[in-house]
Amino acid sequence: MPLAIAISCTLVTVVYVLTNVAFYTALSPVEILGSKAVAVSFANKLFGPLAWTIPVFVALSTFGAVNGILLTSSRLFYAGACYGQMPELLTMIQAQRLTPTPSVLIMAILSMLYLIVSDIDALINYVGFATWLSIGVAVLCLPWLRWKRPDLERPIKVNLFWPILYLLCTIFVTAVPMIASPYDTGMGVLMILSSIPVYYVFVFWPKPKWFQQGSSSVTMFLQKILVVVGKAKVAQL
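The sequence shown begins at 4 in my numbering and counts up one residue at a time.
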């Protein structure tokens, strides 16, 4: 896994650097600053009648990235629910396909809600800040556990230089937007804090009997609609 990560990150970095070199070589600074889509301007200048291929490939790349994010991020919902941090429904698996269908659907619905924001720059700032902050906190666990729990079993062990370097980059990526666009980053913080009432209501709060009965009824109804079962049933399948 470390080798796969190193190769993929290096390859992506090289492709992005060479792409930017191509843009800055073919376009003048005035053309770049005045363009709403630099890749399209680059294609119009060099590819002529084939310029339409660039938007098509960008769209395909975007859909591929969205597909990967939906499928991987939904597993985070599933894992959190298995540890009791999210509603029970998200721990369930589709009976035939053995996929965490409720988690995937929740992630898809949240993604569509983000599209309500018409300003793409603001949306990037909202989600980008929240994403980088969350990832940075997760990576912070690595040096913390190395210090507090040095005897833990570690199937994969990396030099602390890399997580520390990553944390420094994360601090830079999150600090700059806070200064440049405090409103957008504030909205990103609110997006993160919106999870607190959900956690309190569905996990932490000692639920009265009527709430438990209602929650169980809704869970059973959604189980029938989605054809999903709990982990114990999955083991039998």
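All C-beta atoms in this analysis are idealised placements derived from N, C-alpha and C, irrespective of residue type, glycine included.
Beta bridge counterpart(s) of residue i as assigned by DSSP
| i | result |
| --- | --- |
| Q97 | V231 |
C-beta contact flag for residue i and residue j at 8 angstroms
| i | j | result |
| --- | --- | --- |
| I109 | L126 | no |
| L229 | P105 | yes |
| I159 | P52 | no |
| S38 | S31 | no |
| L73 | S114 | yes |
| F132 | P180 | yes |
| Y117 | M190 | no |
| A42 | I57 | yes |
| K48 | A29 | yes |
| A46 | A54 | yes |
Collapsed DSSP secondary structure at residue i in the structure displayed
| i | result |
| --- | --- |
| A54 | coil |
| K48 | helix |
| K212 | helix |
| R149 | helix |
| I326 | Residue 326 lies beyond the residue range present for the chain, which begins at 4 and ends at 240; the question has no answer from this structure. |
| D154 | coil |
| Q88 | coil |
| D122 | coil |
Exposed unless 16 or more other CB atoms sit within 10 angstroms - verdict on residue i
| i | result |
| --- | --- |
| V231 | buried |
| N23 | exposed |
| T188 | buried |
| I96 | buried |
| V161 | exposed |
| F50 | exposed |
| T65 | exposed |
| T173 | buried |
Anticipated Cβ contact below 8 angstroms, residue i with residue j, distance rounded
| i | j | result |
| --- | --- | --- |
| Y202 | Q88 | 7 angstroms |
| W192 | L170 | Reading the sequence as shown, one finds Val at residue 192 and not Trp. Between L170 and V192 the Cβ distance is about 19 angstroms, and since that is not below 8 angstroms, they are no contact. |
| F205 | P90 | 5 angstroms |
| L145 | P166 | 5 angstroms |
| T177 | W135 | 5 angstroms |
| V107 | S137 | At roughly 19 angstroms, the Cβ-Cβ gap does not stay under 8 angstroms, so V107 and S137 are not in contact. |
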